[in-house]
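Novice: Residue numbers (my numbering): 9 to 383. Sharing a structure below in structure tokens format, with a few things to ask.
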């Protein structure tokens, strides 16, 4: 096998059940199908190695431990980068001259190392990271976390200049593509849409009359979105069942839902349960206040679910606007819900959506963007 590539993932990309891990996992799978010999370098949390699962889609796996102690904070290098600094990683990269794919700014500590200057180095950007952390700071309810996000945003903006050492930037959405093209005009930037599970759903979705919001319910962005639904939308729809599902529901969410009889909170659903909830919901309601990156839960809902009602930041830069119903005020969202609930989701709707998704978000087509750069 002549094609070889190193891929540095910010953490173990298994199970592929949240945004970043989904993109990395299915990109690795697509690289394997494209004929690459893949050497995966990844950062293990606790004892979660998932080696057998990963070796089904890569050829080698090397694990590193993040240095999450307080000392990693005392640096001008961002914590998410400094805590992944590992000289063993650099030594492993130096063993051959194969191209390197850095997954996220998190993994770019050695991007400008002189020993790698003659290597082909691609950087997959999942966000404009300092903007993302600025939004996290604004969303957080904790002073301590606000302070961390503020400092980290400053450090990330400063560190981002390391991208001038990349041979190519792979942006996840058109918003990010435009930003990097303008900021680093001498580094080629390509749009590489996110990778995700593309198994066609055979059953017709939307056969139960409820609304679903889903996401990691311990993350500030999702807590804010869920709270918005519970305070601004649910009280005006007393006869419409609403399910909010996701990992580790914040007490803020559970407390807010207590007086809403039509609302059910499902904490820590299995992947199978979550897929069933997405499939059966008449409406997948997805709200965000951060127009960064691409929201994988939106793609998941579009591939597996029925109608999607979203606000503008959820689809900004994705090319998915025509597949969703969009409103940006509580009254607008409520009106769309009331109009949509009585409508059956048809096989024609499903086919039209699948065809549209394949234009922009085909793993088979998009992996060739990387192949063409490396050829």
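C-beta: ideal position from N, C-alpha, C; glycine also.
#1: I need the straight-line Cα distance from residue 22 to residue 15, nearest angstrom please.
#2: Quick check: what's the CA-CA separation for residue 389 versus residue 300?
#3: On a CA-only basis, which of 193, 100, 121 is nearest residue 72? Give me that one, please.
#4: Taking DSSP as the reference, what is the three-state secondary structure of residue 141?
#5: Looking only at DSSP bridge pairs, what is residue 293 linked to?
#6: Quick check on DSSP: helix, strand or coil for residue 17?
#7: Determine which residues share a DSSP beta bridge with residue 132 and list them.
#8: Going straight from the alpha carbon of residue 230 to that of residue 317, what length do you get?
#9: In three-state terms, what does DSSP make of residue 70?
#10: Sorted by chain position, which residues of the same chain lie with C-beta nearer than 6 Å to residue 325's C-beta, five sequence neighbours on each side aside?
#11: Distance, Cα to Cα, residue 113 vs residue 223?
#12: What's the gap between the Cα of residue 320 and the Cα of residue 336?
#13: Could you compute how far the alpha carbon of residue 168 sits from the alpha carbon of residue 157?
#14: Hey, would you say residue 220 sits closer than 8 Å to residue 273, going by beta carbons?
#15: Excluding the 5 residues preceding and the 5 following residue 91 in the sequence, name in chain order all residues of the same chain whose CB lies nearer than 7 Å to its CB.
#16: Can you check which of these residues, 277, 261, 69, is closest to residue 255 by C-alpha distance?
#17: Below 8 Å on the Cβ atoms is my guess for residue 271 versus residue 295; work out the distance and round it to an integer in Å.
#18: What are the start and end residues of the alpha helix (DSSP H) that includes residue 330?
#19: Hey, out of 195, 78, 364, 260, whose CA is closest to residue 232's CA?
Specialist: So, from the data block:
#1: 15 Å
#2: What is shown of the chain runs 9 to 383, which leaves residue 389 out entirely.
#3: A check of alpha carbon separations from residue 72 across 193, 100, 121 identifies 100 as the nearest.
#4: helix
#5: 317
#6: strand
#7: 111, 178
#8: Going by the C-alpha atoms only, they are around 16 Å apart.
#9: strand
#10: Around residue 325: 181, 182, 183.
#11: 23 Å
#12: 6 Å
#13: 16 Å
#14: no
#15: The answer, listed in chain order, is 74, 75, 76, 80.
#16: 277
#17: Contact between residue 271 and residue 295 does not hold, since their C-beta atoms are separated by about 15 Å, which reaches or exceeds 8 Å.
#18: First-last for residue 330: undefined, no H or E at that position.
#19: 260 is the residue among 195, 78, 364, 260 whose C-alpha sits nearest the C-alpha of residue 232.
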